[in-house]
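Colleague: Before we start, here is the structure in question, set down as structure tokens.
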Amino acid sequence: MVKKLALLFVLAAASVWADGLSLTIGPPVAAQLAMPTKKFFGIFAVRINGCADVSKAQLKASGEGIVGDERRSAPTEPAATLTPGTYMVSRQWGNDGKWVVAVSATCGSETAGAIVPTHLNNMVREGIQLLPHAPTKAETDAALKAFNPAQ
Amino acid sequence: MSERPKDEKFVHDALDRLPVVEAPDSIWRSIEASLDAPARAPERRVFWPRYRWAFAVATAALVAGIGLYWRTANRPHWEVTLTRAGKTTQEAVRAGDWLQTDASSTAEVRVGTIGTVEVSPHTRLRIVTTRPDEHRISLQHGQIKATITAPPKLFFVDTKSATAVDLGCQYTMNVDDYGNGLLNVTVGWVAFEWQGRQSLVPAGAQCRTHATAGPGTPYFEDAPKALVNALEDFDFANGGETSVGAILANARQRDTLTLWHLLSRVAPPLRAQIFDKMISLAPLPKGITRDKVLALDPQTLETWKNELAWTW
Chain A
134 MVKKLALLFV LAAASVWADG LSLTIGPPVA AQLAMPTKKF FGIFAVRING CADVSKAQLK
194 ASGEGIVGDE RRSAPTEPAA TLTPGTYMVS RQWGNDGKWV VAVSATCGSE TAGAIVPTHL
254 NNMVREGIQL LPHAPTKAET DAALKAFNPA Q
Chain B
112 MSERPKDEKF VHDALDRLPV VEAPDSIWRS IEASLDAPAR APERRVFWPR YRWAFAVATA
172 ALVAGIGLYW RTANRPHWEV TLTRAGKTTQ EAVRAGDWLQ TDASSTAEVR VGTIGTVEVS
232 PHTRLRIVTT RPDEHRISLQ HGQIKATITA PPKLFFVDTK SATAVDLGCQ YTMNVDDYGN
292 GLLNVTVGWV AFEWQGRQSL VPAGAQCRTH ATAGPGTPYF EDAPKALVNA LEDFDFANGG
352 ETSVGAILAN ARQRDTLTLW HLLSRVAPPL RAQIFDKMIS LAPLPKGITR DKVLALDPQT
412 LETWKNELAW TW
């Protein structure tokens with residue numbers, strides 16, 4: 134009986150995790166109505182999908198840019214919204230150069246990531262990469278190199 | 112002892128020799144008045160007895176004036192920075208005040224502690240309410256840019272044909288004397304409302320309003336021109352089915368914003384066509400069913416809109 138229950142539990146867990154951890158990236162308006170007061174401004178919203186307990190999920194983001202010939206990093210702390218598992222990412226760097234944001238999420242032992250090109254206060258939807266892991270430095274550099282924002 | 116009786120006799124004799132004369136009437140009246148006096152209440156001494164009512168009225172007016180001044184001085188107000196020909200001045204405006212700019216002037220209004228309103232040239236507006244739970248202006252004509260960082264539904268802009276309800280946002284709004292205008296949202300959301308009709312306008316989108324029809328259907332700024340023209344016909348020129356056909360033919364994925372609004376503004380046969388177009392542009396999320404959408408179930412439509420927003 135115990136073995137059967139354990140098997141059922143494993144099967145149920147497998148179905149829950151079948152989709153795996155993933156991220157949805159959207160414009161700020163997707164999360165804005167769930168933002169606490171005075172934190173409406175952001176460049177994009179992130180939603181963590183496929184996490185059984187989003188209260189234990191972690192999200193990190195870092196602006197990765199090239200200004201002139203200099204490679205720069207600018208960590209930015211995603212702001213949690215009132216909707217569990219949904220965050221707003223804001224810009225922590227200046228107007229110069231070109232920038233992408235490397236996003237990584239963990240839920241238990243799983244990770245997922247995304248690279249989001251940005252232009253000033255907007256994300257550039259066409260260049261978004263959704264990854265089944267945290268972005269590597271090589272992936273981020275390649276995305277930066279390929280990204281040519283409209284001036 | 113012998114001298115005194117002699118003097119008394121002399122006086123008595125002298126008195127006998129005096130003639131008897133009747134006292135004048137005035138003396139008797141005076142005596143009678145004196146006799147009556149103890150029976151009457153003592154007369155009060157009042158300063159300026161003739162002007163006591165005027166004094167009372169003046170005092171009341173003074174008290175009322177002080178009260179009115181105190182109330183006015185302590186009434187919530189907004190600070191205004193007026194710029195005219197490069198020179199700036201500070202003013203305070205209160206509910207009921209008008210603010211007007213001309214060709215060479217602009218103004219910036221600090222809306223309590225919740226944000227600012229930039230007033231463009233040739234604009235006239237009235238401050239309607241300055242309460243902490245409701246900040247409201249009436250835009251007669253011209254253009255304003257509002258930046259509000261407050262919980263939703265604290266800041267309102269009335270026009271003749273629509274009210275813009277802030278949902279945490281930044282937007283510009285212009286309107287003419289007749290009530291025709293355009294709302295353009297740059298951050299967040301604005302609800303554009305009039306007589307039970309509501310258009311929800313997110314950042315990057317805009318919405319026209321017309322004096323006789325109220326707010327139209329919102330669309331993204333980069334929407335195809337053909338879609339925008341067809342929408343104008345649908346909203347304000349009775350374009351009907353022909354317009355909807357043109358809208359559907361030109362809609363892109365993010366134009367589901369426009370299509371979502373149209374669902375509740377058309378008859379059921381057209382509603383089904385719009386639904387089919389929408390799910391061809393963005394997959395139907397879990398929990399959203401065709402039947403509930405076509406029945407305009409409010410919770411279903413709200414959930415679907417929130418999901419669609421991730422694709423805009």
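Protein chains in written order, with this note's numbering: chain A, 134 to 284; chain B, 112 to 423.
Beta carbons: idealized from backbone N, C-alpha and C, even for Gly.
Remember, predicted model here, so these are calculated numbers, not experimental data.
1. Which of the three DSSP states is assigned to B/Phe303 in this structure?
2. Just checking: is the beta-carbon of B/Gly299 within a distance shorter than 7 Å of some beta-carbon in chain A?
3. Chain A partners of B/Pro313, CB-CB under 7 Å?
4. Please classify B/Trp305 as buried or exposed, where buried requires at least 16 neighbouring CB atoms within 10 angstroms.
5. Would you report the Cα separation of B/Leu370 and A/Gln191, rounded to the nearest angstrom?
6. Assuming B/Asn361 is part of the alpha helix (DSSP H), what are its boundary residues?
7. Beta-carbon of B/Ala218 versus every beta-carbon of chain A: anything under 7 Å?
8. Can you name, in chain order, every residue of its own chain whose Cβ lies under 6 Å from the Cβ of B/Glu229, other than the five neighbours on each side?
9. Quick one: which unbroken beta strand (DSSP E) runs of 3-plus residues sit fully inside the stretch 267 to 347 of chain B? Chain order, please.
10. Do three or more CB pairs link the stretch 230 to 248 of chain A to the stretch 259 to 273 of chain A at distances below 8 Å?
11. What first and last residue would you give for the beta strand (DSSP E) that runs through B/Lys198?
12. Give me the Cβ distance between A/Pro250 and A/Gly260, rounded to the nearest whole Å; I'm assuming they're in contact under 8 Å.
13. What does DSSP give as the partner residues of A/Gly196 in its beta bridges?
14. Can you give me the Cβ contacts of B/Ala322 inside the same chain, cut-off strictly under 7 Å, excluding the 5 residues immediately before and after it?
15. Could you name the residues that DSSP lists as bridge partners for B/Ser424?
16. What are the start and end residues of the beta strand (DSSP E) that includes A/His266?
17. Using a Cβ-Cβ cut-off of 8 Å (strictly less than) and excluding sequence neighbours within five positions of B/Val339, which residues of its own chain qualify?
18. Based on the DSSP output, what are the partners of B/Trp189 in its beta bridges?
19. May I ask which residues mark the beginning and end of the alpha helix (DSSP H) holding B/Phe386?
20. Helix, strand or coil: which one does DSSP assign to A/Lys189?
21. Do the stretch 191 to 207 of chain B and the stretch 235 to 247 of chain B make contact, defined as three or more Cβ pairs closer than 8 Å?
22. Residues of chain A with a CB under 9 Å from the CB of B/Leu210: which are they?
23. Could you tell me whether the Cβ atoms of B/Asp244 and B/Ile259 are closer together than 7 Å?
24. Under 7 Å Cβ-Cβ, which residues of chain A neighbour B/Leu278?
25. On the premise that A/Ile199 lies in contact with A/Phe125, defined as a C-beta separation below 8 Å, what is that separation, rounded to the nearest angstrom?
26. Pull up the distance between the alpha-carbon of B/Thr414 and that of B/Gly176, whole angstroms please.
27. By how many angstroms is the C-alpha of B/Cys318 removed from the C-alpha of B/Thr199?
28. Only counting the same chain, and skipping five residues up and downstream in sequence, which positions put a Cβ closer than 7 Å to that of B/Lys403?
29. Could you pull out every residue in the same chain whose Cβ sits closer than 7 Å to the Cβ of A/Asn254, ignoring the five residues on either side in sequence?
30. Beta-carbon of B/Trp371 versus every beta-carbon of chain A: anything under 7 Å?
31. Apart from the five residues on each side of it in sequence, which residues of its chain come closer than 8 Å, Cβ to Cβ, to B/Pro232?
32. Consider the Cβ of B/Trp415: report whether some Cβ of chain A lies at a distance smaller than 7 Å.
33. Please tell me whether B/Ala357 has its Cβ less than 7 Å away from any Cβ of chain A.
34. Buried or exposed: where does B/Thr367 fall if 16 or more other Cβ atoms within 10 Å of its Cβ makes it buried?
Modeller: Quick answer:
1. On the second sequence, residue 303 of chain B is found 192 positions in, with the first residue counted as 1. Note: B/Phe303 maps to strand in three-state DSSP.
2. Your numbering for residue 299 of chain B matches position 188 in the second sequence. Chain A contact via Cβ: present.
3. Residue numbering aside, residue 313 of chain B sits at position 202 when the second sequence is read from its first letter. Under the 7 Å cutoff, chain A gives Val162.
4. The residue given as residue 305 of chain B occupies position 194 in the second sequence. Buried, because 16 or more other Cβ atoms sit within 10 Å of the Cβ of B/Trp305.
5. Walking along the second sequence from the start, residue 370 of chain B turns up at place 259. Walking along the first sequence from the start, residue 191 of chain A turns up at place 58. One C-alpha to the other measures close to 36 Å.
6. Residue numbering aside, residue 361 of chain B sits at position 250 when the second sequence is read from its first letter. 351 to 361 is the span of the alpha helix (DSSP H), which, as asked, contains B/Asn361.
7. Counting from one through the second sequence, the residue named residue 218 of chain B turns up at place 107. No - not a single Cβ of chain A is within 7 Å of the one on B/Ala218.
8. Counted from its first residue, the second sequence places residue 229 of chain B at position 118. Excluding positions up to five away in sequence, the list reads Glu219, Lys256.
9. 274 to 286, 292 to 305, 308 to 313, 316 to 321
10. yes
11. The residue you call residue 198 of chain B lines up with position 87 of the second sequence. Note, B/Lys198: beta strand (DSSP E), 198 to 205.
12. Taking the first sequence and counting its residues from 1, the one referred to as residue 250 of chain A is at position 117. Taking the first sequence and counting its residues from 1, the one referred to as residue 260 of chain A is at position 127. With a Cβ gap of about 4 Å, A/Pro250 and A/Gly260 count as contacting.
13. Taking the first sequence and counting its residues from 1, the one referred to as residue 196 of chain A is at position 63. Answer by DSSP bridge pairing, in chain order: A/Ala207, A/Val234.
14. The sequence position of residue 322 of chain B within the second sequence is 211, counting from 1. Once the five neighbours on either side are set aside, the close Cβ partners of B/Ala322 are Lys271, Ser272, Tyr289, Gly290, Asn291.
15. Summary: the structure shown does not reach residue 424 of chain B, with chain B confined to residues 112 through 423, and so no result is reported for it.
16. Here residue 266 of chain A refers to the residue found at position 133 of the first sequence. No beta strand (DSSP E) contains A/His266, which DSSP labels as neither H nor E.
17. Position 228 of the second sequence, counted from the start, is the residue given in the question as residue 339 of chain B. So the qualifying residues of the chain are Tyr330.
18. For the purposes of this step, residue 189 of chain B is identified with residue 78 of the second sequence, where counting begins at 1. Looking at the DSSP assignment, B/Trp189 forms a beta bridge with B/Val204.
19. Along the second sequence, one-based indexing puts residue 386 of chain B at 275. First-last of the alpha helix (DSSP H) with B/Phe386: 379 to 392.
20. Against the first sequence, residue 189 of chain A aligns to sequence position 56. In this structure, A/Lys189 counts as helix in the three-state DSSP scheme.
21. yes
22. Taking the second sequence and counting its residues from 1, one reaches residue 210 of chain B at position 99. Those do not exist, as B/Leu210 stays about 26 Å from chain A at its closest Cβ, beyond 9 Å.
23. By one-based count along the second sequence, residue 244 of chain B stands at place 133. By one-based count along the second sequence, residue 259 of chain B stands at place 148. Going by C-beta atoms, B/Asp244 is not nearer than 7 Å to B/Ile259.
24. In the second sequence, the residue the question calls residue 278 of chain B occupies position 167. Within 7 Å Cβ-Cβ: Leu166.
25. Since the first and last residues shown for chain A are 134 and 284, residue 125 of chain A lies out of range.
26. The residue given as residue 414 of chain B occupies position 303 in the second sequence. The residue given as residue 176 of chain B occupies position 65 in the second sequence. Approximately 56 Å, taken between the alpha carbons.
27. As a working mapping, residue 199 of chain B is identified with position 88 in the second sequence. As a working mapping, residue 318 of chain B is identified with position 207 in the second sequence. So the two alpha carbons sit approximately 33 Å from each other.
28. As a working mapping, residue 403 of chain B is identified with position 292 in the second sequence. The residues are Thr411.
29. The residue labelled residue 254 of chain A in the question sits at position 121 within the first sequence. Hits under 7 Å: Ile176, Arg224.
30. Sequence index remark: in the second sequence, residue 371 of chain B carries index 260 (1-based). No - not a single Cβ of chain A is within 7 Å of the one on B/Trp371.
31. Along the second sequence, one-based indexing puts residue 232 of chain B at 121. Excluding positions up to five away in sequence, the list reads Thr212, Asp213, Ala214, Ser215, Ser216, Thr217, Gly253.
32. Your numbering for residue 415 of chain B matches position 304 in the second sequence. No, because no Cβ of chain A sits closer than 7 Å to the Cβ of B/Trp415.
33. If you number the second sequence from 1, residue 357 of chain B lands on position 246. B/Ala357 does not count as touching chain A.
34. As a first step, residue 367 of chain B must be located in the second sequence, where it is residue number 256. With 16 or more Cβ atoms within 10 Å of its Cβ, B/Thr367 is classed as buried.
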